[in-house]
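Residue numbers (my numbering), protein chains in the order written: chain A, 1 to 166; chain B, 167 to 545.
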């Protein structure tokens, strides 16, 4: 076995056992949810050289009873386990009725794709939270609607999009 | 050593990618979505039972209503870097770290009467090694979690850890924000209060030969030798605060308290820009836009002002008009105009929750409790 292979094997063992790590490094991990479903996530290496807890990313698959992403909700419990999604409203759209939707957590835009039909929408991961930009004539997932931007700054910052699905 | 560390990191990343300890997503997202086959379809079927009845959604109701103060959370993001061990303006005496500790010990018990407080210190404890000096992962973890009566825990971190390492301000703010959004509480307004000496660094992507040196001993001069992590990282710090304060998903105001060295204008300039970006600058006349602290009593005054704005001048309207201007406000019996510039007057700060905030002179400082009423019209 070459030195490189030995090093790779040692690192593999170290990383997968949750041993020492280089501060700043990240690695994927998985969470097991109540009911047996799993959710992918990531963990980061802290300054003490230990891996952090696993932090969920993306929507949960198979979480029993949970509303799909971007469905309207009125309580956190409707969105499934805490790691799966939050029930909340977006602060950047005009939403006088106070509609709320289930939205998940993310690292990249690809984590935020809706799981139910929608047209004219573009998933975005905004500071770790999923949302759907909606264009004119868009059909938002489930019972959510395309709500207009709340400020002119957001209109300018998001050309081609009317607002967010909420 | 750094090169070896980078090689180790690269090797680790390659190893992990190969071993598949978890899954990675690189989904290409089409413009039109179709429901996937399999388990997700089952989830959708179950969820149909939980659909929200339309009748439960609150509607605009015309009339005059008393407003209630909105409960608030403050996450303190506190600078523990090596430069905080120095005294203000190099005059000797009490360190900025000790100054911050003593002022928080005196002020937090009063703040806690109205708001929950948590704290995140940066860099991480034990960040003395060169490799760890700037490491600050974006994970939802803080030193003191949000709760009532956390003063002993916050002060305990001061007493049990010391200063050292770099100033990863942008990364710390992101971590604090991530903690807040991953621990949501729909009933409470969330605020971040950053206290720092104004020398953010720890950006390995900067060019150390041309940057402004912002690390300990850098003195704001040009060039940091070969160490990019000592470069002043003002652009990223300001950009991060702007994103936190203005993003469309969960905007969160950032107050900036500066323990700035007045002998170096670079740091004060950075603090001013950060304070404006955070959306809640100090509006008092004749002072910087950040809450400038040179003495313990100034820190106490800054925290009191912030507490007033957060806890005594942020209200929830029980009825939200469809037209954001179809509402008039009185505070303690006097009419208050809407001011979207947020200098003097009220403005919607989270209309989806019916939250509005009084700014500047509209936020009375000399009353223990403000009484606010709103008259709402509906189209």
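Think of the CB as a built atom: it goes at the ideal place given N, C-alpha and C, for glycine as much as any other residue. Predicted model, so just to flag it, every value in this text is computed and none were measured.
Asked: For a test of the three-state rule: what should DSSP assign to residue 314(B), helix, strand or coil?; Found: coil
Asked: Quickly, what does DSSP pair residue 102(A) with across the bridge? List them, please.; Found: 87(A)
Asked: Can you tell me which of 305(B), 330(B), 494(B), 526(B) puts its alpha carbon nearest to the alpha carbon of residue 507(B)?; Found: 526(B)
Asked: Whole beta strand (DSSP E) runs in the region 387-447 of chain B with 3 or more residues, listed along the chain?; Found: 420-424
Asked: Strictly below 8 Å CB to CB, what residues from chain B border residue 70(A)?; Found: Here the premise fails: no neighbours, minimum Cβ distance about 10 Å.
Asked: Could you give the residue range of the alpha helix (DSSP H) that holds residue 373(B)?; Found: No alpha helix (DSSP H) contains residue 373(B), which DSSP labels as neither H nor E.
Asked: Which stretch, first to last residue, makes up the alpha helix (DSSP H) that contains residue 268(B)?; Found: 262-277
Asked: Please tell me whether residue 148(A) has its Cβ less than 8 Å away from any Cβ of chain B.; Found: no
Asked: In the DSSP output, what is residue 165(A) paired with across the bridge?; Found: 146(A)
Asked: Under a Cβ-count criterion, where at least 16 other Cβ atoms within 10 Å of its own Cβ denotes burial, should residue 166(A) be classed as buried or exposed?; Found: buried
Asked: Flag this pair as yes or no: are the beta carbons of residue 402(B) and residue 369(B) separated by less than 8 Å?; Found: yes
Asked: Between 519(B), 347(B), 495(B), which lies nearest to residue 536(B) when the distance is taken from Cα to Cα?; Found: 495(B)
Asked: From residue 477(B) to residue 44(A), what distance separates their C-alpha atoms?; Found: 35 Å
Asked: Closer than 8 Å, CB to CB, is residue 33(A) near chain B or not?; Found: no
Asked: Look at residue 312(B) and residue 363(B) and say whether their C-beta atoms are less than 8 Å apart.; Found: no
Asked: Taking the straight line between their C-alpha atoms, what separation do you get for residue 93(A) and residue 258(B)?; Found: 50 Å
Asked: Using 8 Å for Cβ pairs, my map puts residue 306(B) next to residue 344(B). What's the rounded Cβ distance?; Found: 5 Å
Asked: In chain order, what residues of the same chain have a beta carbon less than 6 Å from the beta carbon of residue 124(A), not counting five sequence neighbours either side?; Found: 109, 131, 133
Asked: Are the C-beta of residue 308(B) and some C-beta of chain A separated by less than 8 Å?; Found: no
Asked: Given that a residue counts as buried once 16 or more other Cβ atoms are within 10 Å of its Cβ, and exposed if not, what is residue 520(B)?; Found: buried
Asked: To the nearest angstrom, how far is it from the Cα of residue 356(B) to the Cα of residue 339(B)?; Found: 13 Å
Asked: The region 415-447 of chain B: which residues have C-beta closer than 8 Å to a C-beta of chain A, in chain order?; Found: 415, 416, 417
Asked: Count the other C-beta atoms from every protein chain shown that fall within 10 angstroms of the C-beta of residue 255(B), then say buried if there are 16 or more, exposed otherwise.; Found: exposed
Asked: Against residue 347(B), what residues of chain E qualify as contacts under a CB-to-CB distance less than 7 Å, listed in chain order?; Found: Note that chain E does not occur in the displayed structure, where the protein chains are A and B.
Asked: Take residue 267(B) and list the residues in its own chain whose beta-carbon comes closer than 8 Å to its own, dropping the five residues that flank it on each side.; Found: 321, 324, 325
Asked: Give a yes or no on whether 8 Å exceeds the smallest Cβ distance from residue 547(B) to chain A.; Found: Lying before the first or after the last residue shown, residue 547(B) is absent from chain B, which here runs from 167 to 545.
Asked: Leaving out five residues before and five after residue 502(B) in sequence, what residues of the same chain have Cβ atoms less than 7 Å from its Cβ?; Found: 495, 496, 511, 512, 524, 528
Asked: So with Cβ pairs under 8 Å, would you call residue 136(A) a contact of chain B?; Found: no
Asked: Between residue 50(A) and chain B, is any beta-carbon pair separated by less than 8 Å?; Found: no
Asked: Does chain B have any CB closer than 8 Å to the CB of residue 104(A)?; Found: no
Asked: Kindly list the residues whose CB is nearer than 8 Å to the CB of residue 53(A), restricted to its own chain and excluding five residues on each side of it in sequence; keep chain order.; Found: 43
Asked: Assuming residue 272(B) and residue 466(B) make a contact with CB atoms under 8 Å, what is their CB distance in whole Å?; Found: 6 Å
Asked: With 8 Å as the limit, tell me which residues of the region 481-498 of chain B have their beta carbon closer than that to any beta carbon of chain A; keep them in chain order.; Found: 486, 487, 488, 490
Asked: Would DSSP call residue 521(B) helix, strand or coil?; Found: strand
Asked: Write down the C-beta distance between residue 228(B) and residue 442(B) rounded to the nearest angstrom, noting that I regard them as a contact closer than 8 Å.; Found: Not quite, the Cβ-Cβ distance comes to about 37 Å (not below 8 Å), so this is no contact.
Asked: Out of curiosity, what's the CA-to-CA distance linking residue 144(A) and residue 358(B)?; Found: 30 Å
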